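Notes to accompany the following structure.
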Amino acid sequence: MRFLVLFCCLPRSFESELISSPDCYRFPFHTWEIRDNERRNIRRRLLKISCPVFTKILFCCFLDEVGALVFDFGSHTVRAGYAGDEYPKLDIPSVVGVQENADLKDENGETIGKGRKTFIGTTKVTVPREECEMKTFMKDCMVEDWDLFENMLDHIYSHGLGAKSEFHPALFTEPAWNDRAKREKLCEIMFEKYKLPAFHLVKNAVLTAFANGRTHGLIVDSGATHTSAVPVFEGYCITH
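Here it is in structure tokens:
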């Protein structure tokens, strides 16, 4: 959860003029511009405070709660979106097109050398390209290729959601058999590279039970590569 507090000072009769700070407020007034994509699913509350010195001045305090992001990585598709939405904002294949010796170009379109080039998204992976191999970073619903996984995350944040990672907490799903080493690696990447304010991992079976209003049950999940049956008891997966 993240709060943005904005203070502004405006006359009740709107005019385009610069107003200095009143004596009752010893700090200068600042304004911040928030990008539209950072205001997605933001709950806003406006507090109005009258100024005792300048009666025509109104203090406005905005408290913004930035919504968390939810990521669901599967063997066939990757889904991501904002918590509270009815549907994911992004639903793309989990395969990545990889060219190992492709020409790399800078922002001006000039070739700077050769290296690995990736193609992510439905419209890009379906286009035939020379020496392009389809690869996946998942194996048994667990991350196997961390470099491709980071490429996928970069695409999701920059192109899919259009959000800055440091402004949004994130919730990731994981299978019941995910091991500790992979969880630690994932936490390290999310905190050190993407600078997340908060991060949480939840078992797929637990989220499925909660989505149906249950804390107990046997969750049968039939995916693209395997089928699993996981018992859930009081909100916890029974793995042994």
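Numbering (mature numbering (1 follows the signal peptide of the UniProt record, and there is no 0)) for the sequence shown: -16 to -1, 1 to 224.
Note that the Cβ used here is the ideal one computed from N, Cα and C, for glycine as well.
None of these values were measured; they are calculated from a predicted model.
In this structure, GLY207 sits away from GLY68, with a CB-CB distance that is not shorter than 9 angstroms. Taking 9 angstroms as the cut-off, the Cβ atoms of ILE140 and VAL62 count as close.
In the DSSP assignment, ILE140 falls outside any alpha helix (DSSP H) and carries neither an H nor an E. Counting only residues of its own chain and dropping the five nearest sequence neighbours on each side, ALA154 has a CB closer than 7 angstroms to the CB of ALA52, LEU53, PHE55, MET174, LEU180 and PHE183. Around TRP130, the same chain offers PHE121, LYS169 and ILE173 as residues with beta carbons nearer than 8 angstroms, after the five sequence neighbours per side are excluded.
Exclusion of the five residues before and after GLU84 leaves ARG100 as the residues of its chain whose Cβ lies within less than 7 angstroms of its Cβ. As a beta-bridge residue in DSSP terms, ARG63 pairs with ASP56 and ASP75. The straight-line gap separating the alpha-carbon atoms of PRO112 and ASP205 is approximately 33 angstroms. In the assembly as shown, ILE104 is a buried residue. Its beta-carbon has 16 or more other beta-carbons within 10 Å. With a cutoff of 9 angstroms on beta-carbon distance, MET126 and GLU158 are scored as near each other. Taking C-beta atoms as the reference points, LEU132 and PHE156 fail to come closer than 9 angstroms. Closest by C-alpha distance to LYS108, out of LEU88, PRO77 and CYS221, is PRO77. When only Cα atoms are considered, ALA64 and ASN92 end up about 31 angstroms apart. Within the stretch 88 to 159, the complete alpha helix (DSSP H) runs of at least 4 residues fall at 106 to 109 and 130 to 139.
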